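Each remark here refers to the structure printed beneath this line.
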Amino acid sequence: MRHNFGAGPCILPQEVFKQASQAVLDFKDGLSILEISHRTPEFEAVVDETVKLVKELMNVPSGYSVVLLQGGASLQFSMVPMNLLPQGGTAAYLETGVWANKAIKEVKNFGTANIVASSKADNYTFIPKGYSIPEDSAYFHCTSNNTIYGTEMFELPETNVPVVCDMSSDIMSHVVDVSKYDLIYAGAQKNIGPAGLTIAIVKDEVLGKSGRGIPSMLDYKVHIDGGSMYNTPPVFSIYVAMLNLRWLKSKGGVAEIEKENIAKANALYKEIDRNPLFKGTCAVEDRSRMNICFVMENPELEKPFLKFAEENGIEGIKGHRSVGGFRASMYNALPITSVHALIDLMQTFEENHK
Ligand code: PMP
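If you use UniProt numbering, the sequence shown corresponds to residues 1 to 354, in order.
See the structure below:
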């Protein structure tokens with residue numbers, strides 16, 4: 001039995017893999033999901049259901065559009081300022097990691113990014129707090145979960161400025177109040193589905209104010225008006241996302257999965273804090289429930305532990321090169337039994353190194 005702790009693309013439920021495989025062979029009357037037209041009523045129903053499930057699972061209020069895009073979260077780094085930042089305007093950015101930094105880098109093509117706070121000097125091991133956001137910022141951009149460093153923002157700052165959030169690695173893992181955000185985006189390949197799909201949840205009133213011409217493929221309004229069918233959408237990725245969102249709904253939705261995610265994260269952090277061989281890398285109050293980063297007190301034991309874990313069915317826990325050590329990603333579909341399997345190995349390793 002393999003336990004997949006990969007950071008993304010990552011684990012999805014086995015039943016989703018089975019249903020998706022079946023649709024590759026026969027989606028409708030012997031035709032594969034890979035060969036049908038996206039304009040068929042059957043596929044239009046898939047898009048409609050996917051959008052409906054996102055709205056339902058995240059309790060999206062009226063006045064927002066859910067749009068299915070491509071280009072990954074990385075294209076959103078440019079699409080956000082292109083659509084929301086007036087020519088030469090300034091937007092506020094919270095610098096909490098590599099992904100936030102990449103978002104900041106793209107702003108210069110359209111205006112100025114004002115970094116209101118940063119944890120870069122401490123290798124992004126905490127979420128800055130107590131900063132202020134200038135009232136004249138076109139928007140405030142934050143990254144709710146820092147996949148590489150294992151920090152998560154559990155609270156938004158108080159501000160009247162429109163809030164834009166990269167939720168790629170914690171979307172639908174816990175309940176959020178969408179009405180506090182003006183634009184949420186996420187690459188799908190963690191809690192939503194396979195790579196190839198990007199989801200944006202946009203408050204309609206923030207659009208159309210940049211004053212610049214926007215290429216059609218990069219204009220949220222064009223995709224919204226086109227019902228996420230302005231061009232050929234990533235048919236299979238959307239289909240698998242729909243299956244996965246159905247699975248999440250059948251589990252009781254985001255509030256229920258949040259309880260499981262808390263239980264999983266608490267169990268592993270407890271072991272990291274108890275076991276004398278290991279230590280966490282982030283400020284305790286900002287610890288992510290999705291990506292749990294830890295190192296060993298004795299770095300020389302890291303290679304042997306990694307080997308021991310891999311030999312015993314643990315997949316994908318090698319830490320990102322900028323943090324080192326280990327990163328256990330524990331997205332919605334990872335069962336708690338996998339977390340217990342990892343904890344058992346940490347305890348056995350401790351016994352073997354007494
Ligand atoms: N933001 C975050 C928080 C991420 O974790 C990632 C990818 N892991 C990205 C952005 C980039 O996403 P993509 O590869 O879909 O462009």
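The beta-carbon is built from N, C-alpha and C at its ideal position, and this holds for glycine as well. Treat the numbers as computed from the prediction; the structure is a model and nothing was measured.
Whole-angstrom distance between residue j and residue i, CA atom to CA atom
i, j, result
"residue 58", "residue 176", "7 Å"
"residue 81", "residue 117", "19 Å"
"residue 42", "residue 169", "30 Å"
"residue 333", "residue 13", "5 Å"
"residue 351", "residue 219", "57 Å"
"residue 200", "residue 63", "14 Å"
"residue 317", "residue 308", "12 Å"
"residue 228", "residue 110", "25 Å"
"residue 222", "residue 66", "13 Å"
"residue 121", "residue 287", "18 Å"
"residue 256", "residue 37", "36 Å"
"residue 159", "residue 225", "30 Å"
"residue 18", "residue 238", "16 Å"
"residue 6", "residue 290", "11 Å"
"residue 75", "residue 130", "30 Å"
"residue 1", "residue 11", "14 Å"
"residue 55", "residue 48", "11 Å"
"residue 45", "residue 249", "18 Å"
"residue 124", "residue 26", "47 Å"
"residue 22", "residue 112", "49 Å"
"residue 243", "residue 20", "8 Å"
"residue 321", "residue 348", "26 Å"
"residue 217", "residue 60", "24 Å"
"residue 128", "residue 101", "14 Å"
"residue 195", "residue 354", "43 Å"
"residue 355", "residue 234", "Nothing in the structure corresponds to residue 355, since the chain is present only between 1 and 354."
"residue 303", "residue 215", "48 Å"
"residue 178", "residue 298", "43 Å"
"residue 108", "residue 185", "20 Å"
"residue 30", "residue 126", "52 Å"
Nearest candidate by alpha-carbon position, reference residue i, set the options
i, options, result
"residue 325", "72, 296 and 316", "296"
"residue 104", "72, 129, 70 and 143", "143"
"residue 252", "21, 53 and 28", "53"
"residue 98", "112, 73 and 90", "73"
"residue 368", "28, 101 and 166", "Outside the shown range of the chain, which is 1 to 354, sits residue 368, and nothing can be said about it."
"residue 4", "354, 339, 343 and 348", "339"
"residue 266", "69, 343 and 147", "343"
"residue 68", "8, 232, 39 and 178", "232"
"residue 96", "147, 89 and 108", "147"
"residue 230", "39, 186 and 300", "39"
"residue 157", "270, 245 and 94", "94"
"residue 341", "303, 268, 29 and 179", "268"
Beta-carbon contacts of residue i that lie in its chain and below 7 Å, excluding the five residues immediately before and after
i, result
"residue 241", "50, 188, 192, 193 and 197"
"residue 236", "33 and 34"
"residue 319", "293, 325, 326 and 327"
"residue 71", "198"
"residue 345", "308, 309, 312 and 314"
"residue 24", "32, 33 and 34"
"residue 206", "84, 162, 182 and 183"
Same chain, Cβ closer than 6 Å to residue i, neighbours up to 5 away in sequence not counted
i, result
"residue 92", "114, 116, 133, 137 and 140"
"residue 78", "106"
"residue 254", "57, 172 and 175"
"residue 272", "278, 280 and 294"
"residue 275", "346 and 350"
"residue 330", "264"
"residue 247", "13 and 16"
"residue 8", "189 and 190"
Residues of its chain near residue i, where Cβ-Cβ distance is below 8 Å and the 5 sequence neighbours each way are ignored
i, result
"residue 155", "none"
"residue 203", "63, 64, 162, 181, 182 and 183"
"residue 135", "160 and 161"
"residue 90", "111, 112, 113, 114, 134, 136, 137 and 138"
"residue 306", "317, 318 and 326"
Sheet register partners of residue i (DSSP bridge)
i, result
"residue 201", "66 and 184"
"residue 5", "The partner list for residue 5 (beta bridge, DSSP) is empty, contrary to what the question assumes."
"residue 279", "295"
"residue 31", "28"
"residue 152", "145"
"residue 93", "115 and 141"
"residue 356", "The requested residue 356 is not part of the displayed model; the chain covers only 1 to 354."
Pair every Cβ in the stretch 80 to 94 with every Cβ in the stretch 204 to 212, then say whether three or more of these pairs are closer than 8 Å. yes
Is the stretch 254 to 262 touching the stretch 326 to 345 in the sense that three or more CB pairs, one from each, lie closer than 8 Å? yes
Taking contact to mean at least 3 C-beta pairs separated by less than 8 Å, is the stretch 278 to 294 in contact with the stretch 151 to 167? yes
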